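Colleague: Starting off with a structure, shown below.
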Amino acid sequence: MSTPMPALEPTGAVILVGNPNVGKSVVFGALTGRYVNVSNYPGTTVEVTRGEARDRGTTFEVIDTPGVYSLLPMSEDERVTRDILMREPGARVLQVCDAKNMRRSLMITAQLAEMEVPLVLAVNMTDEARERGVMPRLETLEERLGVPAVSTVAVRKKGTERLLPLLGNPSPSSVRIDYGRGIEAAILRMKGLLPARTPVGKRALSIMLLCGDDSLAPWLAENVPDARIREMNRVRNRLIEESGEEIVSRVNRARLAWIDRLLVELGVEASSPSSRKLAQAFGRYAMDPVYGFPILLGILVLAYGFVGVFGAGVLVDFLQKSFFEGLVVPFLAAMLDRFLPSAFLRDFLVGPYGMVSMALSYAVAIVLPIVGTFFLGFGILEDSGYLPRLAVMVDRLFKKIGCNGKAVLPMILGLGCDTMATLTTRILETRKERVIVTLLLALGVPCSAQLGVILGMLSDIGPIATITWVALMAGIILAVGFLAAKVIPGESSDFILEIPPIRWPQVGNLAVKTMARIEWYLREAVPLFLVGTLVLFTADRLGWLLRVQSAAEPLIVHLLDLPPKATEAFLIGFLRRDYGAAGLYSMARGGMLSHLQVVVSLVTMTLFMPCLANLLVIIKEHGGKVAIAMSLFIFPFAVLVGAAVNFFSRWAGISF
Amino acid sequence: MKIRCPLCQREIDTEDGACRSGCPMSKGCTLVCCPGCGYSFPMPESKVVNFVKGLFSKGNRK
Chain B
215 MSTPMPALEP TGAVILVGNP NVGKSVVFGA LTGRYVNVSN YPGTTVEVTR GEARDRGTTF
275 EVIDTPGVYS LLPMSEDERV TRDILMREPG ARVLQVCDAK NMRRSLMITA QLAEMEVPLV
335 LAVNMTDEAR ERGVMPRLET LEERLGVPAV STVAVRKKGT ERLLPLLGNP SPSSVRIDYG
395 RGIEAAILRM KGLLPARTPV GKRALSIMLL CGDDSLAPWL AENVPDARIR EMNRVRNRLI
455 EESGEEIVSR VNRARLAWID RLLVELGVEA SSPSSRKLAQ AFGRYAMDPV YGFPILLGIL
515 VLAYGFVGVF GAGVLVDFLQ KSFFEGLVVP FLAAMLDRFL PSAFLRDFLV GPYGMVSMAL
575 SYAVAIVLPI VGTFFLGFGI LEDSGYLPRL AVMVDRLFKK IGCNGKAVLP MILGLGCDTM
635 ATLTTRILET RKERVIVTLL LALGVPCSAQ LGVILGMLSD IGPIATITWV ALMAGIILAV
695 GFLAAKVIPG ESSDFILEIP PIRWPQVGNL AVKTMARIEW YLREAVPLFL VGTLVLFTAD
755 RLGWLLRVQS AAEPLIVHLL DLPPKATEAF LIGFLRRDYG AAGLYSMARG GMLSHLQVVV
815 SLVTMTLFMP CLANLLVIIK EHGGKVAIAM SLFIFPFAVL VGAAVNFFSR WAGISF
Chain P
187 MKIRCPLCQR EIDTEDGACR SGCPMSKGCT LVCCPGCGYS FPMPESKVVN FVKGLFSKGN
247 RK
């Protein structure tokens, strides 16, 4: 890093700092009026807006900085904001906070306090915070921070007139967070190595350097002798060796603990020590790369029991056997025989490939109870705050094997819907990364509907089959990801994800959420189920189905060792993986598949492309050539892996 | 309607469903896609639940 620091701002400037979307620009507009100057920050593409504000004969220059989550820079925006703070010795800072989300705002306040910059807080959107009952007690906030905190509703210009008078002569915050003995001792050593005059507080600079902030390198090179820089590195390395973990994680934990205590005092969070502590501990361990895995395993076991045993066992039994096979189909057949005696119509509706006996029966009696229970379980995970923790935990694991950290996000999202997750790959930096993650999604990440059906099928066989399937999918994703990371040049990148507190989900929210998901699922899946069944029905009537089955025999019967009828499931699996899986499920329940055949067919089906919509999105995002190349890789690869599982299991005598 | 993304906690205006048009099956789709992290989830509004709620509220009015 050798970007020169830009020239000093004129003295007396007011710097606006805050998270994204807190109303900073509206406050800026309220302070400065219309006359502003927008320019790129030197050496960057980041825009910085400047304007002038007047208060009782005094003129302030006001600088609106890019929204940040932290002043320990992880993005160009954050580096620009931090650099402006460092390049402006006499400036005062106006931090714009979101009254509805004080946890996120206080993370920056803590860092501004350590920088020892004169500070005023504009606690914005207080009207919405009051409506939601999360309005912080501002007197307590002022008392604890030692700086003024003004309630504002910037869009209505409420409270903004009180800001300029307070910015005349503010003082720095008195907050000092205790980071524990080891870090505090290292901070003391660092402070001793810094020059006598520093642009911001020595404590803040020491913590940034201990956290490994590379963007400070140009400032260090200009202001600190080489020998001292080497000593600073030694202090940092010793601290990492002693603690055995990244210092930035420990620093952020201490800051969050301070914020959580403060939020209780502000009346934003309810104080119930024992349950809260337990939830906090669970939340911490859920993100840990070591303890996180047993927690994930426990959650998978619970999901397996709820979705696999209850949804796929009890509910499917009732709906398929008692309701559809026992009531709906015989009733409809009897009605047709009586009022519309047509063999074609009977076959079309309630025959082996009938719209009711197959399409609706699969959609409503097999897939619906399974995805319904899965959606409920997934909703609990979302509302409890576990999902972002899973993303953080997997991110750490992926980075360890050299994958790009950001690539984890679309993969986690793929568990909901692969098609949407494919659109999310736009967040990745290079086309190569986007193509590889799209491929991993299409290849090995089952969407919620398919995962539900798979869990249901595996629950009938037993845990060994489930573990084999999970290990195979994880292994394939990690192996392809690892190879991809080796091929892709460049460093890994980070993503910022706010970690909400662990909470008990609310029953009402869960009910609405699950119903909304079921409605969405039925609307999207049932038409495709009907189309798929129509294809099979037509192929059967024209005698093509037998020909396709015999053409696919070398693959399905000889290579995968499955019954010829399984060809139908793979055919409709081209439309939607879960529909194909439902076909296999129906065969397994009819006693047409052995345990080994279930595992082989599921492994093959999971590695298929998720659905028609996913293929269309791949074409849209990456073009027809890439989509064809992916399909040409995915389908043979799926069959080859299935065949490998089949041959290896037979050779090793594993029958599950 | 303003809702919160279950993954990144960003507040989203459901009127702003811009990225939904990216999906070829977006017509009539009720999924919301968070502009912050890209997480997609169904609009937290269910016609069935609303219908049931409507029945109860009608009952109350009577």
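Residue numbers (the working numbering), protein chains in the order written: chain B, 215 to 870; chain P, 187 to 248. No residue lacks a Cβ here, since even glycine has one placed at the ideal position from N, Cα and C. Just so you know, these numbers come straight off a predicted model, no measurement behind them.
Identify the continuous alpha helix (DSSP H) that holds B/D474 and give its terminal residues.
Modeller: Per DSSP, B/D474 belongs to the alpha helix (DSSP H) from I461 to E479.
Colleague: Kindly give me the distance between the Cβ atoms of B/T626 and B/A605, rounded to whole angstroms, as I take these residues to be in contact under 8 Å.
Modeller: The displayed chain sequence assigns Ile, not Thr, to residue 626 of chain B. That belief holds up - the Cβ atoms of B/I626 and B/A605 are roughly 5 Å apart, short of 8 Å.
Colleague: Within 10 angstroms of the Cβ of B/T652, are there 16 or more other Cβ atoms? Answer buried if so, exposed if not.
Modeller: B/T652 is buried by the Cβ-count criterion.
Colleague: Taking B/L559 as the reference, give the member of B/T752, B/G695, B/V482 and B/T587 with the closest Cα.
Modeller: Of the candidates B/T752, B/G695, B/V482 and B/T587, the one whose C-alpha sits nearest the C-alpha of B/L559 is B/T752.
Colleague: Just to confirm the assignment, what range does the beta strand (DSSP E) spanning B/L453 have?
Modeller: First-last for B/L453: D440 to S457, but that is the alpha helix (DSSP H), not the beta strand (DSSP E).
Colleague: In whole angstroms, give me the CA-to-CA distance for B/T639 and B/A621.
Modeller: C-alpha separation (whole angstroms): 8 Å.
Colleague: In the DSSP assignment, find the unbroken alpha helix (DSSP H) run with B/L632 in it and report its ends.
Modeller: According to the sequence as given, residue 632 of chain B is Asp; it is not Leu. Per DSSP, B/D632 belongs to the alpha helix (DSSP H) from D632 to T638.
Colleague: Rounded to the nearest angstrom, what separates B/V228 and B/S429 at their Cα positions?
Modeller: Cα to Cα, the separation comes out at about 23 Å.
Colleague: Rounding to the nearest angstrom, what Cα-Cα distance links B/D674 and B/T680 in this structure?
Modeller: Cα-Cα distance, rounded: 10 Å.
Colleague: Using only CA atoms, which one of B/L744, B/V515, B/I770 and B/T633 lies nearest to B/I678?
Modeller: Comparing Cα positions, the closest option is B/V515.
Colleague: Does DSSP classify B/G271 as helix, strand or coil?
Modeller: Looking at B/G271 - three-state DSSP - the assignment turns out to be coil, as it is neither helix nor strand.
Colleague: Confirm the yes/no value for this check: CB of B/A557, any heavy atom of the ligand MG, distance under 7 Å.
Modeller: This structure lacks the ligand MG; in fact it carries no ligand of any kind.
Colleague: Assuming B/L381 and B/R306 make a contact with CB atoms under 8 Å, what is their CB distance in whole Å?
Modeller: At roughly 5 Å, the Cβ-Cβ gap stays under 8 Å, so B/L381 and B/R306 are in contact.
Colleague: On a Cα-Cα basis, can you pick out the residue from B/V241, B/D474, B/T728 and B/G506 that is closest to P/P230?
Modeller: Here the closest residue by C-alpha is B/T728.
Colleague: So what does DSSP say about B/D674, is it helix, strand or coil?
Modeller: In this structure, B/D674 counts as helix in the three-state DSSP scheme.
Colleague: Does DSSP put B/T279 in a helix, in a strand, or in coil?
Modeller: Three-state DSSP puts B/T279 in coil, outside helix and strand.
Colleague: I'd like the list of long-range same chain contacts for B/V543, defined as Cβ closer than 6 Å, with 5 residues on each side in sequence excluded.
Modeller: Result list for B/V543: V564 and S571, in chain order.
Colleague: Please confirm whether B/K371 has its beta-carbon closer than 8 Å to some beta-carbon of chain P.
Modeller: No, B/K371 lies away from the interface with chain P (no Cβ there is under 8 Å from its Cβ).
Colleague: Do you know offhand how far B/P220's Cα is from B/P384's?
Modeller: At B/P220 the pLDDT is 43, less than 50, meaning the model places this residue with poor confidence and gives no usable figure here.
Colleague: State yes or no: is the C-beta of P/P192 within less than 8 Å of the C-beta of B/E596?
Modeller: In contact: P/P192 and B/E596 (Cβ atoms closer than 8 Å).
Colleague: Counting only beta-carbon atoms, is P/L241 nearer than 8 Å to chain B?
Modeller: Cβ-Cβ to chain B under 8 Å: no for P/L241.
Colleague: Along the chain, where does the beta strand (DSSP E) that runs through P/R190 open and close?
Modeller: Taken as a continuous stretch (DSSP letters only), the beta strand (DSSP E) holding P/R190 covers K188 to R190.
Colleague: Assuming the contact rule is C-beta atoms closer than 8 Å, B/V853 and B/L774 should be a hit. Round their C-beta distance to whole Å, please.
Modeller: Yes, B/V853 and B/L774 are in contact; Cβ-Cβ is about 7 Å, under 8 Å.
Colleague: By Cβ distance below 7 Å, which residues in the same chain neighbour B/V414 in space, the five residues on each side in sequence not counted?
Modeller: Result list for B/V414: L299, M300, M329, E330 and V331, in chain order.
Colleague: Looking only at DSSP bridge pairs, what is B/L697 linked to?
Modeller: The partner list for B/L697 (beta bridge, DSSP) is empty, contrary to what the question assumes.
Colleague: Would you report the Cα separation of B/A866 and B/Q811, rounded to the nearest angstrom?
Modeller: C-alpha separation (whole angstroms): 15 Å.
Colleague: Return the bridge partner residues of P/T200 from the DSSP annotation.
Modeller: DSSP lists no partner for P/T200.
Colleague: Can you give me, in chain order, the residues of the segment 583-604 of chain B that have a beta carbon less than 8 Å from any beta carbon in chain P?
Modeller: Within the segment 583-604 of chain B, the residues whose Cβ lies closer than 8 Å to some Cβ of chain P are E596, D597, L601 and P602, listed in chain order.
Colleague: In chain order, what residues of the same chain have a beta carbon less than 7 Å from the beta carbon of B/V348, not counting five sequence neighbours either side?
Modeller: Only K314 and V482 meet the Cβ criterion.
Colleague: Counting only Cβ pairs nearer than 8 Å, list the residues of chain P close to B/V726.
Modeller: The answer, in chain order, is P230, E231, S232 and V235.
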